[in-house]
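Asks: Quick one: the structure is below, questions incoming.
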Amino acid sequence: MFKEKVLKELQEAVPAWEARVQNTLTRHPERSPEFTTTSGIAVKRLYTPLDIAGQDYAHDLGFPGEYPYTRGVQPTMYRGRLWTMRQYAGFASAEESNRRYKYLLEQGQTGLSVAFDLPTQLGYDSDHPLAEGEVGKVGVAIDSLADMETLFDGIPLDKVSTSMTINAPAAILLAMYLAVAEKQGIGFDKLDGTIQNDILKEYAARGTYIFPPDPSMRLVTDIFAFCSEHVPRWNTISISGYHMREAGATAVQEVAFTLANGIAYVEAAIKKGLNVDKFASRLSFFFNAHNNLLEEVAKFRAARRLWARIMKERFGAQDPRSWMLRFHTQTAGSTLTAQQPENNIVRTTIQALAAVLGGTQSLHTNSFDEALALPTEKSVRIALRTQQILAYESGVADTVDPLAGSYFIESLTEEIERRAMEYIAKIDAMGGAPRAIEQGYIQREIQESAYRYQMEIERGERIVVGVNKFQIEEEIPQELLKVDPAVRDLQIKKLKEIKAKRDNLAVRQALKELRQAAEGEDNLMPPILKAVKVYATLGEICDVLRGVFGEYRAVESI
Amino acid sequence: MSQSKKIRVLVAKPGLDGHDRGAKVIARALRDAGMEVIYTGLRQTPEQIVAAALQENVDVVALSSLSGAHLHLFPRVTALLKEKGLGDVLVIGGGIIPAEDIPVLKAAGVAAIFTPGTATAAIIEFIRANVKRT
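Sequence lines, in order, name chains A and B. Position 233 of the first sequence, counting from 1, maps to 226 under my numbering, and the rest follow consecutively. Position 15 of the second sequence, counting from 1, maps to 400 under my numbering, and the rest follow consecutively.
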């Protein structure tokens, strides 16, 4: 990228400058003998053209909207359209969540993001004994299509894009969404949105798996196949690094393990007989935005370039849309502190800035009180305002990939890509991500990083403001959101009503057909869709699948 | 020279939430501090946790919950422990637990609640100072 002459001069000038700096260092030593990123990448005092001398602009960066997409997936990026501001939310009952969605849409939010409660995520109806104490706690409780109808009441599904954080029972919740659209008279081809549907990271980090890996991968690829035919604009998966990062992974590990999981999904779909260009453009990603601003920006750029190369070179995808890594970002919940919680607004701002400088397609900003409880309406509004201030006041959205060409950013982008490729090669050698997860390799790598991070904080090598430095005596915070424990009773009452009202013969028939399909090899989406439409419950459908597939039990190690 | 018996700790995840970063970090820290640690894995019912506490003959049960179900789950564990004659087992808890819930949990027999930002060293110290068995 630089003229030979310039580089040659620098090869002498940089060491000479370092020598002059030695004098300063004896008088004013640096804050630390070494500086590293969260991934353990050494950060040098100074970066110069020498650090990116090997970079070839056309080959490694290119133009936005063009391979290898280092600079972004769209040609004009945020000059054309800002990222989608999408706050993950879901509370207690479908009625209450519906009100919150309408509130957020009125406040200028442009996409919905549905959080489900844990019983729903694990395929239990609200009346299941294991659901006790959990109904409506971390998201909305959905037992049947009736709840889904309430959830989206008065929200035309062709006017919003909806992201649903659902994995093990993703096919069922997607089927319910499709059934609601049908009732609103909206064709499947008009629907925009995403289901997370990323089961591999559930085994690796997030923990809401139900079935063993093989039938789970079948459900994932059944959704790919069904949507490529019938719901063409739907993002069929959100391959997620977010939760692995939250569980302790470094930036490099986040990229490596996410893309390794992505490779596994592509391989599974190809093995099923799908053409890569038929489904790859609907794959989407979900990353974390952590505290180390520059490392995060480099991480997003490296992930984009590496995925493009994998899709083109490894899988031979021809359609440029198959090469594009499009991603949602959420700021890092695990960085929020219970101490001096207002400081979290600042942390979230820095993290959100990293996501925007990294070219995210959509963004969730955490609320400052989330280390204490579920967020209140006020704290959610501040979080959304943070994005709006970045979008409309900061100026960072006015040119594409503004940090490109920074010696440090480009050097770090290369280094993250290189280290992620090393991990992926190692995982390939183990037989791919599903095997690496079964062997506990990915989990151990993440735990190791989590422990190291915690010990660095405890030794004071890593400062967390308000936690291990700059502490104050604090009053107990007020104004926290409480979930009404009566939600479960209400939900159980609704379940009883539905079961009394529906055509139970049709339900039995639909569940029987689902069982037969599950025992065979047919795509499971059509029988699931049929079952939800006659108001078979989530728990009933999952019980059928549990009966055929069995349940997964993790092997734990510490 | 007499050697004191190692403190045995059951680290448990009651309820349905899958957030076990904290539980695992603490399990590892307690082990590095010389304790014997058993980790239950995810999605344990209070009954399963107490059965494991009995079988493993532990001195401490450390509960972790981030889903908001702690008021339901933690008191159930302490009640069942008492029922099984394990009332002297030290029970501690951690996770996303609002300050106003802490007195309720303490009244139910949870000796201490450690919220985000707690150093593992503080937990180790608390266990050593308060363990009743051994």
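Note that CB positions come from ideal geometry on N, CA and C, so glycine has one too.
On the three-state DSSP scale, how would you describe Val476/A?
Replies: Val476/A falls in the coil class under three-state DSSP.
Asks: For a minimum of 3 consecutive residues, which ranges assigned as the beta strand (DSSP E) are wholly contained in the region 448 to 498 of chain B?
Replies: Those beta strand (DSSP E) runs which fall completely within the region 448 to 498 of chain B and span 3+ residues are 475 to 480.
Asks: Name the two residues that bound the continuous alpha helix (DSSP H) containing Asp312/A.
Replies: Counting along the chain, Asp312/A falls outside any alpha helix (DSSP H), and DSSP gives it neither H nor E.
Asks: Would you please verify whether the beta carbon of Tyr444/A is less than 8 Å from any beta carbon of chain B?
Replies: It does; some Cβ of chain B falls within 8 Å.
Asks: For Gln114/A versus Thr201/A, is the C-beta distance shorter than 8 Å?
Replies: Yes, the pair counts as a contact, with Cβ atoms nearer than the cut-off.
Asks: Return the chain-ordered list of same chain residues with a C-beta closer than 7 Å to the C-beta of Glu441/B, the five sequence neighbours on each side being excluded.
Replies: Contacts found: Arg393, Leu395, Ile423.
Asks: At least one CB of chain B closer than 8 Å to the CB of Val107/A: is that the case?
Replies: Cβ-Cβ to chain B under 8 Å: no for Val107/A.
Asks: Considering Ala510/A, what are the terminal residues of the beta strand (DSSP E) in which it resides?
Replies: No beta strand (DSSP E) holds Ala510/A; the alpha helix (DSSP H) holding it covers 497 to 512.
Asks: Does the beta carbon of Lys489/A fall short of 7 Å from some heavy atom of the ligand FAD?
Replies: The ligand content of the structure shown is nil, which means the ligand FAD is not present either.
Asks: Mind pulling the alpha helix (DSSP H) runs of 4 or more residues that sit fully within the region 304 to 365 of chain A?
Replies: Runs of the alpha helix (DSSP H) inside the region 304 to 365 of chain A: 313 to 316, 336 to 350.
Asks: Applying the 10 Å Cβ sphere with the 16-neighbour rule, what's the burial state of Gly116/A?
Replies: Buried, since its Cβ has 16 or more Cβ neighbours within 10 Å.
Asks: Sort Ala291/A, Arg211/A, Phe279/A by Cα distance to Tyr258/A and report the nearest one.
Replies: Cα-wise, what sits closest to Tyr258/A is Arg211/A.
Asks: For Val541/A, which option in Glu549/A, Val527/A, Glu506/A has the closest C-alpha, if you only look at C-alpha atoms?
Replies: For the residues Glu549/A, Val527/A, Glu506/A, the minimum Cα distance to Val541/A belongs to Glu506/A.
Asks: Going by beta carbon distance, what residues of the same chain come within less than 6 Å of Asp215/A, once the five residues before and after it are set aside?
Replies: Excluding residues within five positions, the ones whose Cβ falls inside 6 Å are Asn516, Leu517, Met518.
Asks: Which chain B residues sit within Cβ distance under 7 Å of Gln332/A?
Replies: Those are Gly502, listed as they occur along chain B.
Asks: Going by DSSP, what residue range makes up the alpha helix (DSSP H) through Phe542/A?
Replies: Per DSSP, Phe542/A belongs to the alpha helix (DSSP H) from 531 to 542.
Asks: Going by the beta-carbon positions, is the gap between Arg413/B and Tyr416/A smaller than 8 Å?
Replies: Result no, Cβ atoms of Arg413/B and Tyr416/A do not sit closer than 8 Å.
Asks: Nearest-angstrom Cα distance between Asp191/A and Thr251/A?
Replies: So the alpha carbons of these two residues sit roughly 10 Å apart.
Asks: Here's the rule: buried if 16 or more other CB atoms are within 10 angstroms of the residue's CB, otherwise exposed. What is Gln509/A?
Replies: Counting Cβ neighbours within 10 Å, Gln509/A comes out exposed, since fewer than 16 surround it.
Asks: Please report whether the beta-carbon of Arg406/B lies at a distance below 8 Å from any beta-carbon of chain A.
Replies: Yes, its Cβ sits closer than 8 Å to a Cβ of chain A.
Asks: Just verifying my parser: in three-state terms, what is the DSSP assignment at Tyr424/B?
Replies: Residue state, collapsed to three classes: strand.
Asks: In terms of alpha-carbon separation, which member of Tyr94/A, Pro112/A, Gln100/A lies closest to Ser106/A?
Replies: Considering only alpha carbons, the answer is Tyr94/A.
Asks: Could you check if Phe28/A is buried or exposed, using at least 16 other CB atoms within 10 Å of its CB as the buried criterion?
Replies: Phe28/A comes out exposed.
Asks: Quick one: does Pro112/A have its CB under 8 Å from some CB of chain B?
Replies: Pro112/A counts as touching chain B.
Asks: Considering Thr623/A, what are the terminal residues of the alpha helix (DSSP H) in which it resides?
Replies: The structure shown does not extend to residue 623/A, since chain A spans only -6 to 551, so no value can be given for it.
Asks: Which residues mark the beginning and the end of the alpha helix (DSSP H) in which Arg20/A is found?
Replies: Where Arg20/A is concerned, the enclosing alpha helix (DSSP H) stretches over -3 to 20.
Asks: Under 8 Å, do Ala436/B and Gly126/A count as touching if we go by C-beta distance?
Replies: It is not a contact, given that the beta carbons lie outside the stated cut-off.
Asks: Less than 8 Å between C-beta atoms, sequence neighbours within five positions excluded: which residues of the same chain meet that for Asn515/B?
Replies: Cβ within range, chain order: Leu475, Ala496, Ala497.
Asks: What residues in the region 6 to 22 of chain A have a beta carbon less than 9 Å from any beta carbon of chain B?
Replies: Answer set for the region 6 to 22 of chain A: empty.
Asks: Which of the three DSSP states is assigned to Pro26/A in this structure?
Replies: Note: Pro26/A maps to coil in three-state DSSP.
Asks: With a threshold of 8 Å between beta carbons, is Ala200/A in contact with chain B?
Replies: Looking at the sequence provided, one finds Gly at residue 200/A rather than Ala. Closer than 8 Å: yes.
Asks: Would you kindly check if the distance between the Cβ of Gln4/A and the Cβ of Leu43/A is under 8 Å?
Replies: Yes; because the gap between Cβ atoms is below 8 Å, this pair is in contact.
Asks: List in chain order: all unbroken beta strand (DSSP E) runs of 3+ residues lying wholly within the region 182 to 235 of chain A.
Replies: Runs found: 185 to 188, 230 to 233.
Asks: Note the first and the last residue of the continuous beta strand (DSSP E) segment covering Leu105/A.
Replies: Residues 105 to 108.
Asks: Gly116/A CB to nearest chain B CB: under 8 Å?
Replies: It does not; no Cβ of chain B falls within 8 Å.
Asks: If Gly104/A and Val173/A are in contact, beta carbons under 8 Å, what's the gap, nearest whole angstrom?
Replies: That belief does not hold up - the Cβ atoms of Gly104/A and Val173/A are roughly 17 Å apart, past 8 Å.
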